[in-house]
Amino acid sequence: MVNWIWLFFIVISVVVAAINGRIDAVTQAAFDGAKSGVTISFGLISIMVFWLGMMRIAEDAGVLKKLAKLLSPVVRRLFPDVPPNHPAMGYIMSNLSANLFGLGNAATPMGIKAMQELQKLNPDQHTATPAMCTLLALNTSSITLVPTTLIAIRMNYGSANPAEIVGTTLAATFVATGAAILADRWYRRKSSPPPGKTTFHPKQIPVNKAIDPPMPASASLRNSGGGDIV
Amino acid sequence: MFDLFTRISAWLIPAIIVFIPLYAAFRKVPVYETFIEGAKDGFGTAINIIPALVGMMVAISMFRASGAMDLMLGAVRPIFDWLSIPTEVLPLGILRPLTGAGSLAFTADLIATHGPDSMIGRIASTIQGSTDTTLYVLTVYFGAIGIRKTKYALKVGLFSDMVGFLAAIIICMYIFK
Chain D
157 MVNWIWLFFI VISVVVAAIN GRIDAVTQAA FDGAKSGVTI SFGLISIMVF WLGMMRIAED
217 AGVLKKLAKL LSPVVRRLFP DVPPNHPAMG YIMSNLSANL FGLGNAATPM GIKAMQELQK
277 LNPDQHTATP AMCTLLALNT SSITLVPTTL IAIRMNYGSA NPAEIVGTTL AATFVATGAA
337 ILADRWYRRK SSPPPGKTTF HPKQIPVNKA IDPPMPASAS LRNSGGGDIV
Chain L
20 MFDLFTRISA WLIPAIIVFI PLYAAFRKVP VYETFIEGAK DGFGTAINII PALVGMMVAI
80 SMFRASGAMD LMLGAVRPIF DWLSIPTEVL PLGILRPLTG AGSLAFTADL IATHGPDSMI
140 GRIASTIQGS TDTTLYVLTV YFGAIGIRKT KYALKVGLFS DMVGFLAAII ICMYIFK
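So the sequences go chain by chain: D and L.
According to the working numbering, the first sequence is numbered sequentially starting from 157.
According to the working numbering, the second sequence is numbered sequentially starting from 20.
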């Protein structure tokens, strides 16, 4: 699916630019986009280096394990295929809590680290596992308790009650996250029926309970987004 | 109330930064060496993201500059008019999943133009705050570990963005009548 979206953006952009006579602007935009991609990545270096160092200390001290244990009843349900004691669980927890408190620049490194840990459980290094998709779904809908940036902007423009959107934001976030979890569940079930339900697996893969069951490619990619990422 | 929130988030990071090494030192972890060991991975990880991020940013930047996005908005506008939803917030529905900075700028602009306490300002704030930049998150997280087949992840993300967008509008129109 990512393949198609990417192609769609580029082709449509050039066609529309040609019609609008903005072909120069679109060329410039392409190079500006490339530049901002690199700028963002470079901006991530300092944050990544710092937080990964911090988190290694936390991991070695057993803080992550404690955190994972504390919140695991909820999260274990969302990630049934990750062993509860796996380090990935601790990083997932820290990622979600950082998101919750609006610590954006801490959330990203922890999310990436969680992905790296999940990658260790992945039988196919180029294909996302259900657990990765779930973590991504939770991050894209981003459960934030207090949208600090927005409150600050509203304050700047002289709002009578800058924080009045906290309630509506929380409600909307809640709905969006709920939708993400439900959709994720649905796709998860569709692409890998739980063991016990006999389906038309061409070859039943020996499922190690601890590891994400690999997807039968034929079944899962039929009409779901088996797209490549850029 | 907001003061309390800002104060808590201002203290949260320093608290974490001091708590982790302190606790680790009690557990006899060589804190500095461990920090260096873990931090080593940071550079490579950030660099790994570059190809994916450049690819995505190029496409999005072209899409906006060409006027294709305005065209897309024009197509959806009548539906919004029909539902008597302020059409000004419509671009946010498309911008939000694509670019974090872009949609934040757009939100700030809406707030500046219509006022933070207008319906448009409130809806825009709620939309901006309630979801994250799906395409960015996907590119960065999967780019960092070299996942190429993203399966259904993007669909789920975009679906939840859409639900969040509509929920934000409905909730605001109901609460701030």
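We put the beta carbon where it would ideally sit given N, CA and C, even for glycine.
Keep in mind the model is a prediction, meaning the values are calculated, not measured.
### Query
Under a Cβ-count criterion, where at least 16 other Cβ atoms within 10 Å of its own Cβ denotes burial, should A94(L) be classed as buried or exposed?
exposed
### Residue range of the alpha helix (DSSP H) that includes K191(D)
I179 to A217
### Task
Answer with yes or no whether the minimum CB distance from N176(D) to chain L is below 8 angstroms.
yes
### Query
In the stretch 117-180 of chain L, which residue ranges form an unbroken beta strand (DSSP E) of at least 3 residues, counting only runs that do not cross its ends?
168-170
### Task
Can you grab the Cα-Cα spacing for the pair K47(L) / D216(D), in whole Å?
10 angstroms
### Query
For the 8 angstroms Cβ check, are there 3 or more pairs between the stretch 170-187 of chain L and the stretch 140-152 of chain L?
yes
### Query
By the criterion of Cβ-Cβ separation under 9 angstroms, what are the contact partners of A173(D) in chain L?
M81, A84, S85, G86 and A87
### Message
Count Cβ pairs between the stretch 204-213 of chain D and the stretch 58-70 of chain L that sit closer than 8 angstroms; are there 3 or more?
### Response
yes
### Query
Do L129(L) and A143(L) have their CB atoms nearer than 8 angstroms?
yes
### Buried versus exposed, by CB contacts within 10 Å (16 or more), T290(D)
buried
### Message
Less than 8 angstroms between CB atoms is the rule here; does F125(L) satisfy it with respect to chain D?
### Response
no
### Task
Starting from the C-beta of L177(L), find all residues in its chain whose C-beta is less than 8 angstroms away, skip the five residues before and the five after it, and write them out in chain order.
P116 and T153
### Message
Could you pull the DSSP bridge partners for T139(D) from this structure?
### Response
Residue coverage of chain D in this structure runs from 157 to 386, which leaves residue 139(D) outside it and unanswerable.
### Query
Is G86(L) helix, strand or coil when you go by DSSP?
coil
### Task
Return helix, strand or coil for D237(D), following the three-state DSSP convention.
coil
### Alpha-carbon spacing of K196(L) relative to I139(L), whole angstroms
12 angstroms
### Task
Using a Cβ-Cβ cut-off of 8 angstroms, state whether L111(L) counts as contacting chain D.
no
### Message
For a test of the three-state rule: what should DSSP assign to I79(L), helix, strand or coil?
### Response
helix
#### Entry: Alpha-carbon to alpha-carbon, I168(D) and I98(L)
23 angstroms
### Beta-carbon proximity list for V108(L), same chain, < 8 angstroms, skipping 5 on both sides
L129, I139, I142, A143, I146 and I188
### Query
Are the beta-carbon atoms of M181(L) and G193(D) separated by less than 8 angstroms?
no
### Beta-carbon gap between G189(D) and G57(L) smaller than 8 angstroms
no
### Task
Could you tell me how far apart the beta carbons of M389(D) and I55(L) are, in whole angstroms, since I believe they sit closer than 8 angstroms?
Lying outside 157 to 386, the shown extent of chain D, residue 389(D) is not represented and no answer is given.
### Task
Check the C-beta distance from A339(D) over to V175(L) and give it rounded, since I have them as a contact under 8 angstroms.
5 angstroms
### Distance between P105(L) and P229(D) (C-alpha atoms, nearest Å)
42 angstroms
### Task
Give the range of the alpha helix (DSSP H) segment to which K196(L) is assigned.
That residue, K196(L), is in no alpha helix (DSSP H); it is neither H nor E in DSSP.
### Query
Under a CB-based cut-off of 8 angstroms, is N241(D) close to chain L?
no
### Query
Where does S347(D) sit, in a helix, a strand or coil, going by DSSP?
helix
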